[in-house]
Structures are given as C-alpha cells and as structure tokens.
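Enquirer:
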Amino acid sequence: MVELSEPFLELNGITKRFGNFVAVDDVNLEITEGEFFTLVGPSGSGKTTMIRMLVGMDAPSDGEMRLQGRVMNDLPANKRPTCMVFQSLALFPHKSVGENIEFSMKITGKDKVKRRARVDQLMEQLRLPLSYYEKSVTQCSGGERQRIALARALAFDPQILFFDEPLSALDFRLRKALEKELKDIHRETGKTFVYITHSLEEAMVMSDRIAIMREGRIVQIGTPHEIYNNPKNKFVAQFMGEVNTLSVEKAGENTLRVTGFDDIFTVTDDLSDFTTGFLIIRPEVMKIGRSAADMKNKIKGIAFNDYALGSRVQYQIRIEHFDEPWLVERLQDEPYEGQRGDTVDIGWRPEDSILVSN
Amino acid sequence: MAKTSQSNMSSWLKQPGVLAALPASLFLLIGFAGPLLLVVAYSFMPSKTFTLLQAPTIENYSSIISDSYYISFFWSLAMALTTVVLLFIICYPIAYGMAKLFNKWANLVTALIAVPILISENIRLFGWVLILLKNGVFDGSMQSLFGLSISGLLFTVPAITLGLVYVYLPFMLFPLVIGISMVPETLKEAASDLGATRWQIFREIELPLSMPGLMIGGILTFVLVLGSLAEAKILGGQAIVMIADDIESAFTFAQNWPKGSALSVLLIALSGIIVFLLFRRVDLDRVIGRR
C-alpha cells in the first residue's frame, strides 16, 4: 500500500555525469500527484538530461527516483508508466493521425473498436476534426501536430506526462494559445504534468510550481507567485526578463550604497544580516518625469531611447556614471510627457525593489 | 509556318539546360536506347536471320511459349527471389551496425566490403570453385582435419545461391545502410516511451521507415540476379539453366539472333513489370513522409 503522505514522484540526490562533466548535480525534488510542475533553465542547465532520466532514456549516475514509492532507476522507458511529448514531437511520419494516437494501444493489443473509440474521444477533447483519423501527420499544421502528439501521449494513459519544450518551435500567438490549452487539459485530466522549458514566462502561465535550474543544480523551487516576488538570487531575478540590477552594499539601517559610487537608496528589507548583494528593480515599477518627483529613491538621467512593447513603452535612460542604461516602462496610453534627449527624473518606491544575494 | 516552327526550335534550344543536356542525351540515345530498339526489332525477324529487312513475324515469341523456356524463367525468378530474401536477412544486421553502432569503424567495414568489387567477378567466382571443389580447399581441410570427405558441394543450386549472395551483397547492403540511417533516433525513443518492445519498434517504426533503402536494394539485386550468367555457369555447371544462359546460347552457339532478342525482350518486360508493381505497392513518398 502506498501511503497518502508519500510524494508521487520523488528524486533523491539525482546526479548525471558524462565523463568529467556533471550535467545534473544532486537534484532533490518532490512532485505531488496532479501537479503541473515546470523545470526552467537556460540551455545547458541540465534540464533535458533531467527529463531523459525521468522518462527512462538515460540512467542516473547516482541517486534514486521513486514513483509512488517504487524505485524506477533501472526500469527502461518502455516499462515505465510515464510518457513524454518530445521537443520534435517525434510523430511517426508513415502513420496517419489516428494511427499515431492509437500507437500505444495497438502495442498492448487493445482491440480495434475500443482503440477507435478512445482515439475519437481524445481527438474531440483536443479539438482535432474526427475526419483527420486518416490524414497523414505530415500534412497537419504546427498546432495540429502539437495536439496529435499530446493525444498520443494521453492515449497511453500515463501516470506522469512529461513535456520537453514542445512549444518552443511555434510562433508567438500559437504558443500563447496552446499554453492556455495545455493548462486546461491539465485541469480536465487531473494528471501530473512535468514540463521543461527555457522560458520562465511560459512556466509562469501554466505551472502550479516551478523549479529553476542552473548548471545542473536547482536554484529555487516555488509557486510562480513566490518566484516572481521573491527571487532567491540575481540569476533567478534576471532570468525573469529585463530588470535593472545594481550591485549594492549596506550603508545604513535601511539604506544601501551602490558599490563604488555615492548613490544611496532606501529599502524596506531587513538589513540586519546583509553586507553586499544586488538590488533588482523591475522596469514596470519605475516612475519617470513628473510622477517620479515625490519618490523616495530618485536619480537623474537622459531619456535617450524608447521602444514600443505593445501594451507598454520602454524608455532607456542613460545615467552618467553607470554603464548599463536604466529601463523604465509605462503603459502605452499614459506615456512619459518629455522628449527624447531630455534630462529627466526617474524613481521608485522603497517597497518595490527586490534585494537578493549573489 | 516553317518559319515559326524554326523560331520555336531555336528558342527551345536557347533554354538553359537544353544545350548542356544535348551531348549526354545523344550519347544515351546511341548507346542505350538504340541497341535496345535494335533488340526489339530483331525479335520480330524470322528465325536465324541477321538482317532487319525481312517482313516482321511473331514466330520467335510463339516458339518460346510452346518450348520449355518457362523452366529457365522459373529458375531465374526463383534464384532472384531467394537471393533477395537471403540478402535482406544477412544485410539488415550489418547495415544496422554500420548505420548506428560501428561509428568510426563503419568506414573500415565499408572498405572491406567494397574492395572485392575491384576484382573481376569471374575471378572471384573461380576462387569459390577452388574452395568448393572435390579435394578443394574446404573438402581438403575437412579431410585432413577430421577425416571427413565433404564433396559434391560444387555444381549445385546452393553453390549458385552462395555465389549470387556473395557477388550482389554490396548492392543490397549500401542502400540499406542509407535507408536505416534515415530513421531518426527520436522516433524510436518515442515508440519505446509509448511502451513498444525492441521487436515492435523494429516492425512498426524501423522497417517501414527504412523501406526506401530496402526497396532500392531489393530491386537492384533482383534485377541483377535475373540477368546474371556467370554464377550459374561457373558454380552451377549443368545444375540449372537460367534465362540469361539461354539468351547467350541463342546469340552465340545457336546463331539465332531473333530468338535471343525475343527472349531478351521478354526478360526486360518481366523485370519491368515486377519493378513497376513493387513501386506501385509501396508508396515511397508516403514512407518518407513527403505526402
């Protein structure tokens, strides 16, 4: 009997070495049943090696993987009750849409009528026209191919469904639509999803929990909300997108000095154990021009460039003694009133900055 | 009217590629299509004539059908089929190794298999004669080592089959290597992930996807064996007569060019029909996923 308190999927000290290179380094994870869990990391962070071990295509050099308490380390991929949607989708080009979806059922010798019924049900759920049963997969569009790959994996009825960046090759609009669709399917099926991506933005949209990987290690695990509001370090903070990053040291009880300069900024963080670190200020919390006038943290610069980002406008401010331009974002319909080339005040509230360690 | 057709002609000639293709086309016309047409024309001439100026007749064809030539056709087809099946069984594992497993050793294996092609086929077959001969290399070794006499290997159908498999192995192997290396590894991983066993992956994924290579190798060796002569003569002696042997006798010994031509036309038509049917049955484009 499996105890209810036991985690669904449990990784203990999972390590993968290729010669002298450590691709995955002592990863410990617990994933609960029905969760949408995402592993995020830049390329080379070890996330693909991770998923290959989870699916059973590679064996870990060290550590233990348990699914519902059962050790899975030496179980080959075709014996595991899990399934993956590949980055390339890996649809079988010589088979029709229907034949692709029913593949796992044909393998186990399920009879034709039952197979067809399940395929029809999945095609309906994934909004694929039933007439596509006979259609060659090579004639389907990118979005349709995604759905076919997902249907094929769901037909296997896996205990965990893995995803290896299947949306990365799609254009922006289709990707956004499919992210939401995937989230809906997760809710409808109640299955455990483990997703891999290099895009934290994508992870934020879909996941219940996110683990951020860097150089084979897990840097931070948390809900999207936790990660967004309390990034553990500079890496996580910068991984989320464009941010203003300042190297700082403690100046007073609630003030920080920019390392090597005289600028002093106020924060609301508890600085009792703090010596040096980084102050992260998101472009969207920055004020510019008149609205920056009564801000506690203020600095002057030249607004030398602006970019339309769709719903927002981004201004780049050159501050005399900093190398990097400062980024400020405003909503499209309330732009900054000045001209390009003007000297302008920018500022932020002490509670809007994030203080992180190295 | 004459003027426009002339200008059409010159503008057609000025198209890119036409002029460049002309020498090769002429060469093919004279060297390939011409002799074939001559053979077809001779097949309709009266028996034992050496001119094309007689009234055409179908007597050669009717005499072939009423005669016992079907036995030679049968042997040729049977040997071709047997050879293709044996070659597939022998070559698939080697090709798989060369495409997926041997890595840098694949080049060495390729060289080892390709180098014998540089030696004349007849000389290689005579090498086999020396091995299979009574008191030859094999028989002699068995006698001196174990005191067993194994004679009667030469001049049998298995000896011919051995020769055919040996000579045509590269023509099956190399297309198969290309066919197998065209199967993406991720598709096999995906099949395995969906629960397929090693054998199911082979049947459902690898075999159908390497079909283009298999088809090309199969057709190549099938047609080559149909037209083969030396293996049956050198290793088979009088064991069987294959159709190419009959064609040769008609042209040389019997001095009956029209009969030889008619047999050639029938052989060409037979192989043509078989290849056509095979290509119709296996849709290569669909297999490769182009449609």
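As they're listed, the protein sequences go chains U and E. Following the working numbering, the numbering of the first sequence begins with 429 at its first residue and continues without gaps. Following the working numbering, the numbering of the second sequence begins with 179 at its first residue and continues without gaps. The beta-carbon is built from N, C-alpha and C at its ideal position, and this holds for glycine as well. Every value quoted in this text rests on a predicted model; they were computed, and no experiment measured them.
Would you please state the rounded distance, in angstroms, between the beta carbons of F464/U and Y656/U? I believe it to be under 8 Å.
Expert: Along the first sequence, read from residue 1 onward, the residue named residue 464/U stands at position 36. Along the first sequence, read from residue 1 onward, the residue named residue 656/U stands at position 228. So it is not a contact: roughly 16 Å between Cβ atoms.
Enquirer: Determine the contact status of I418/E and A428/E, defining contact as a CB-CB distance below 8 Å.
Expert: By 1-based counting over the second sequence, the position of residue 418/E is 240. By 1-based counting over the second sequence, the position of residue 428/E is 250. No, Cβ-Cβ distance for I418/E and A428/E is not below 8 Å.
Enquirer: If we ignore side chains and look at the alpha-carbon of each, how far apart do Y274/E and V355/E end up?
Expert: For the purposes of this step, residue 274/E is taken as the residue at position 96 of the second sequence. For the purposes of this step, residue 355/E is taken as the residue at position 177 of the second sequence. Rounded to the nearest angstrom, the two C-alpha atoms are 7 Å apart.
Enquirer: For a contact meaning CB atoms closer than 7 Å, what does L365/E contact in chain U?
Expert: To locate residue 365/E, count along the second sequence from 1; it is residue 187. A518 and F520, listed in chain order.
Enquirer: Output, in chain order, the set of chain E residues within a Cβ distance shorter than 9 Å of V483/U.
Expert: Here the question's residue 483/U lines up with position 55 in the first sequence. Within chain E, the residues near V483/U are E367 and D371.
Enquirer: Does C568/U get closer than 8 Å to chain E when you measure Cβ to Cβ?
Expert: By 1-based counting over the first sequence, the position of residue 568/U is 140. It does not: the Cβ of C568/U has no partner Cβ on chain E nearer than 8 Å.
Enquirer: Look up M187/E in the DSSP assignment and say whether it is helix, strand or coil.
Expert: Counting from 1 along the second sequence, the entry for residue 187/E is found at position 9. If DSSP states are grouped into helix, strand and coil, M187/E belongs with the helices.
Enquirer: Compute the Euclidean distance between the alpha carbons of N725/U and S635/U, then round it to the nearest angstrom.
Expert: Numbered from 1 along the first sequence, position 297 holds the residue referred to as residue 725/U. Numbered from 1 along the first sequence, position 207 holds the residue referred to as residue 635/U. Approximately 34 Å, taken between the alpha carbons.
Enquirer: For the region 552-603 of chain U, list the beta strand (DSSP E) runs that are entirely contained and at least 3 residues long, ordered along the chain.
Expert: Qualifying beta strand (DSSP E) stretches, in chain order: 588-592.
Enquirer: Per DSSP, S524/U forms a beta bridge with which residues?
Expert: Numbered from 1 along the first sequence, position 96 holds the residue referred to as residue 524/U. In the DSSP output, where bridge partners are listed per residue, S524/U has S564/U.
Enquirer: Examine the Cβ distances between the region 558-577 of chain U and the region 511-521 of chain U and report whether three or more of them are shorter than 8 Å.
Expert: Yes, the region 558-577 of chain U is in contact with the region 511-521 of chain U.
Enquirer: Write down the C-beta distance between T460/U and P435/U rounded to the nearest angstrom, noting that I regard them as a contact closer than 8 Å.
Expert: Within the first sequence, residue 460/U is the residue found at index 32, counting from 1. Within the first sequence, residue 435/U is the residue found at index 7, counting from 1. About 6 Å; that satisfies the 8 Å criterion.
Enquirer: Just to confirm, are P348/E and I291/E a CB contact at a threshold of 8 Å?
Expert: Stepping through the second sequence from its first residue, residue 348/E is reached at position 170. Stepping through the second sequence from its first residue, residue 291/E is reached at position 113. Cβ atoms of P348/E and I291/E: closer than 8 Å.
Enquirer: Within the same chain, show all residues whose beta-carbon is closer than 7 Å to that of T399/E, passing over the 5 residues directly before and after it, in chain order.
Expert: Numbered from 1 along the second sequence, position 221 holds the residue referred to as residue 399/E. T261, V262, L265, Y346, F349 and M350, listed in sequence order.
Enquirer: Of all the options A374/E, L413/E and S370/E, which has the alpha carbon lying nearest to the alpha carbon of W309/E?
Expert: Taking the first residue of the second sequence as position 1, residue 309/E is located at position 131. At residue 309/E the sequence reads Ile, which differs from the Trp that was named. I309/E has its Cα closest to that of L413/E, out of A374/E, L413/E and S370/E.
Enquirer: Between G462/U, P470/U, P778/U and T477/U, which has its C-alpha nearest T443/U's C-alpha?
Expert: The sequence position of residue 443/U within the first sequence is 15, counting from 1. Out of G462/U, P470/U, P778/U and T477/U, T477/U has the C-alpha closest to the C-alpha of T443/U.
Enquirer: Could you confirm whether any beta carbon from chain U is found closer than 8 Å to the beta carbon of Q232/E?
Expert: As a working mapping, residue 232/E is identified with position 54 in the second sequence. False, the Cβ-Cβ gap to chain U never drops below 8 Å.
Enquirer: Can a CB atom of chain E be found closer than 8 Å to the CB of T536/U?
Expert: If you number the first sequence from 1, residue 536/U lands on position 108. Yes, because at least one Cβ of chain E sits closer than 8 Å to the Cβ of T536/U.
Enquirer: Does the pairing of the region 428-447 of chain E with the region 330-337 of chain E give three or more beta-carbon distances under 8 Å?
Expert: They do not touch, by the three-pair rule.
Enquirer: Once the 5 residues before and after E765/U are set aside, which same chain residues still bring their CB inside 8 Å of it?
Expert: Here residue 765/U is taken as the residue at index 337 of the first sequence, counted from 1. G717 and R718, listed in sequence order.
Enquirer: Go to R685/U, then tell me how far its beta strand (DSSP E) extends in each direction, as first and last residue.
Expert: Reading the first sequence from its first residue, position 257 is the one you call residue 685/U. Taken as a continuous stretch (DSSP letters only), the beta strand (DSSP E) holding R685/U covers T683 to V686.
Enquirer: Are the C-beta of A374/E and some C-beta of chain U separated by less than 8 Å?
Expert: As a working note, residue 374/E is residue 196 in the second sequence. At least one chain U Cβ lies under 8 Å of A374/E.
Enquirer: So is M179/E in contact with chain U if we call contact Cβ pairs under 8 Å?
Expert: The residue you call residue 179/E lines up with position 1 of the second sequence. In this prediction, M179/E has a pLDDT of 46, which is less than 50 and means its spatial position is unreliable; what the coordinates show is noted afterwards. So no, M179/E is outside the interface.
Enquirer: What residues from chain U crowd round I383/E, counting only those whose CB sits closer than 8 Å?
Expert: Counting from one through the second sequence, the residue named residue 383/E turns up at place 205. Per Cβ cutoff of 8 Å: F520.
Enquirer: For the beta strand (DSSP E) that R494/U lies in, which residues bound it at each end?
Expert: Residue 494/U sits at position 66 when you count from the first residue of the first sequence. Element bounds for R494/U: D490 to L495.
Enquirer: Taking only runs that begin and end inside the region 735-783 of chain U, name each unbroken beta strand (DSSP E) of 3 or more residues, in chain order.
Expert: You should have 740-746, 754-759 and 771-776.
Enquirer: Take I774/U as the anchor and find which of E458/U, D761/U and A721/U has the nearest alpha-carbon.
Expert: Start at 1 with the first residue of the first sequence, and residue 774/U comes out as number 346. The candidate whose alpha carbon is nearest that of I774/U is A721/U.
Enquirer: Looking only at C-alpha atoms, which of P390/E, G325/E, N300/E and A368/E sits nearest to G357/E?
Expert: Locating residue 357/E in the second sequence gives position 179, counting from the first residue. Among P390/E, G325/E, N300/E and A368/E, the Cα nearest to that of G357/E is on P390/E.
Enquirer: Alpha carbon to alpha carbon, how far is E609/U from R555/U? Give it in angstroms, no decimals.
Expert: Position 127 of the first sequence, counted from the first residue, corresponds to residue 555/U. Position 181 of the first sequence, counted from the first residue, corresponds to residue 609/U. Going by the C-alpha atoms only, they are around 10 Å apart.
Enquirer: Can you tell me which residues form a DSSP beta bridge with Y247/E?
Expert: Against the second sequence, residue 247/E aligns to sequence position 69. For Y247/E, which the question treats as bridged, DSSP gives no partner whatsoever.
Enquirer: In the DSSP assignment, find the unbroken beta strand (DSSP E) run with L457/U in it and report its ends.
Expert: One-based indexing of the first sequence puts residue 457/U at position 29. Where L457/U is concerned, the enclosing beta strand (DSSP E) stretches over F449 to I459.
Enquirer: Looking at the strands, I want to know which residues DSSP matches up with T364/E.
Expert: As a first step, residue 364/E must be located in the second sequence, where it is residue number 186. DSSP output for T364/E lists no bridge partner at all.
Enquirer: Shorter than 8 Å from the beta carbon of L264/E to some beta carbon of chain U?
Expert: Numbered from its first residue, the second sequence carries residue 264/E at position 86. So no, L264/E is outside the interface.
Enquirer: Give the secondary structure of T620/U by DSSP, where H, G and I count as helix, E and B as strand, and everything else as coil.
Expert: As a first step, residue 620/U must be located in the first sequence, where it is residue number 192. Strand at T620/U.
Enquirer: Tell me whether T625/U sits in a helix, a strand or coil according to DSSP, three-state version.
Expert: Translated into the one-based positions of the first sequence, residue 625/U becomes position 197. If DSSP states are grouped into helix, strand and coil, T625/U belongs with the strands.
Enquirer: Helix, strand or coil: which one does DSSP assign to T260/E?
Expert: As a working mapping, residue 260/E is identified with position 82 in the second sequence. Residue state, collapsed to three classes: helix.
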